[in-house]
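Notes to accompany the following structure.
Numbering (this note's numbering), first residue to last: 82 to 468.
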């Protein structure tokens, strides 16, 4: 996070962004920290979040330039789009720095209700500038009950604007989202909806970003999974004052790993008690429900941050357990029906996976898909038998 400052007050903001922290890292400090971290990274993927990162536009551009050109990494900036101008967009195109623009609806009223009046128009204008300049541009929707019916129109809008693709992020009970009046869409409802859209528009499979399918298909392709995600393993968050956290959703004092102004990354990465605790989590021994669930190695317990926000315990089952289970089944049907998606998901790993591992992974995934489909069919037959 280059800054906690933001020019919006979105009702679902995961980090309750508003004002900058008093001691934000300088551009020079950010580059120094990244230089220290880079040798430990296998896939050098950097994301600029916030707050609104383009409130520090020049710093973002120069740090991204260092990362992309010196460290040979990739980078994305997530923005509300209101501060995009041609100078920024052209520089992003030259690097290239991917631009992800938040747009929570296919029409102004839906988006503005969450992000503020005029936010939809400004995001669309920012998208047009970014696309025209040649920067890799994505639209990103935080989906909830109010905009759920607009998914198909949202994808169509993305195609009309000429962006590279669309992304979907679930509304979660984090930050300001804990007090928002928005209603969460269950995971299986979202997967079912996208499945319906793909049946109608199979050509859109390549336009919907792999990260959506990653929410569940990564679970399938990486099985057996002993934990849900890469929090503290393959992902970390550097806060704007140098504080280090396991992920963007575990920014609590009790999960503060240390400060990269004051401590060396190597020492924190290897010796942090917090990271050791998170890395020791295992679906087999965290709680009674998950330990004996039939899909435990496909699920990995779900997102730990949301359950922690709601209960202050990190080992409890997710509140949306049954929906996750249905989602896994539904995603298997999608991957079986659209094998090209399976292929594309596998190809996403090539940046950090050897060819031999990819071949093994592909075979393993197809075996898992076939097995789960057989389990579903057996369950359906059992349900249909008379008592």
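From the three backbone atoms N, C-alpha and C, an ideal C-beta is built for every residue, glycine too.
- Counting other Cβ atoms within 10 Å of its Cβ, residue 217 reaches 16 or more and is therefore classed as buried.
- Taking a contact as a CB-CB distance under 8 Å, the pair residue 222 and residue 251 does not count as one, their CB atoms being some 10 Å apart.
- Partner residues in the beta bridge of residue 224, as assigned by DSSP, are 251.
- Below 8 Å, too few C-beta pairs join the segment 144-152 and the segment 183-191 to call them touching: fewer than three.
- A straight-line Cα-Cα distance of about 36 Å links residue 134 and residue 407.
- Comparing alpha-carbon positions, the option among 229, 346 and 395 lying closest to residue 269 turns out to be 229.
- Residue ranges of uninterrupted beta strand (DSSP E) with 3 or more members, entirely inside the segment 95-174 and ordered along the chain, are 126-129 and 155-160.
- Nearest Cα to residue 136 within the set 94, 275, 88 and 285: 88.
- For residue 378, the enclosing alpha helix (DSSP H) stretches over residues 377-380.
- Three or more pairs of CB atoms, one per stretch, sit closer than 8 Å, so the segment 200-212 contacts the segment 148-168.
- Taking residue 376 as the centre and dropping the five residues before and after it, the same chain places the C-beta of 406 and 409 closer than 7 Å to its C-beta, in chain order.
- Exclusion of the five residues before and after residue 176 leaves 145, 146 and 149 as the residues of its chain whose Cβ lies within less than 7 Å of its Cβ.
- Residue 326 has 318 as its beta-bridge partners, per DSSP.
- For residue 404, the enclosing alpha helix (DSSP H) starts and ends at 402-418.
- Residue 236 is classed as buried because its beta carbon has at least 16 other beta carbons within 10 Å across all chains shown.
- Following the DSSP letters along the chain, one finds residue 236 inside the alpha helix (DSSP H) bounded by residues 232-242.
- A direct Cα-Cα distance of roughly 11 Å separates residue 319 from residue 346.
- Here the C-alpha atom of residue 154 lies approximately 13 Å from the C-alpha atom of residue 112.
- Remark: C-beta atoms of residue 264 and residue 209 do not approach each other more closely than 8 Å.
- Apart from the 5 residues on each side of it in sequence, residue 233 sits with its Cβ closer than 7 Å to the Cβ of 278 in its chain, given in chain order.
- Fully contained in the segment 175-226 are the following alpha helix (DSSP H) runs of length 4 or more, in chain order: 189-196 and 200-214.
- Under DSSP, residue 312 forms a beta bridge with 316.
- By the beta-carbon neighbour count (other beta carbons within 10 angstroms, threshold 16), residue 82 is buried.
- In this structure, DSSP gives residue 88 a state outside helix and strand, which the three-state scheme calls coil.
- Residue 179 and residue 288 have their C-alpha atoms roughly 15 Å apart.
- Comparing alpha carbon positions, the residue from 341, 364, 352 and 358 closest to residue 116 is 341.
- At a Cβ-Cβ threshold of 8 Å, residue 159 and residue 128 count as neighbours.
- Inclusion of residue 193 and residue 247 in the CB contact set at 8 Å is not warranted, their separation being larger than that value.
- Close CB contacts of residue 239 within its chain, under the 6 Å cut and outside five residues either way in sequence, are with 220 and 247 (chain order).
- Straight through space, the alpha carbons of residue 170 and residue 211 are spaced by roughly 5 Å.
- Of the residues 367, 387 and 196, the one whose Cα lies closest to the Cα of residue 333 is 387.
- Under DSSP, residue 339 shares a beta bridge with 325.
- Rounded to the nearest whole angstrom, the CA to CA distance from residue 350 to residue 322 is 18 Å.
- In the DSSP assignment, residue 350 falls within the alpha helix (DSSP H) that extends over 346-352.
- By the beta-carbon neighbour count (other beta carbons within 10 angstroms, threshold 16), residue 103 is exposed.
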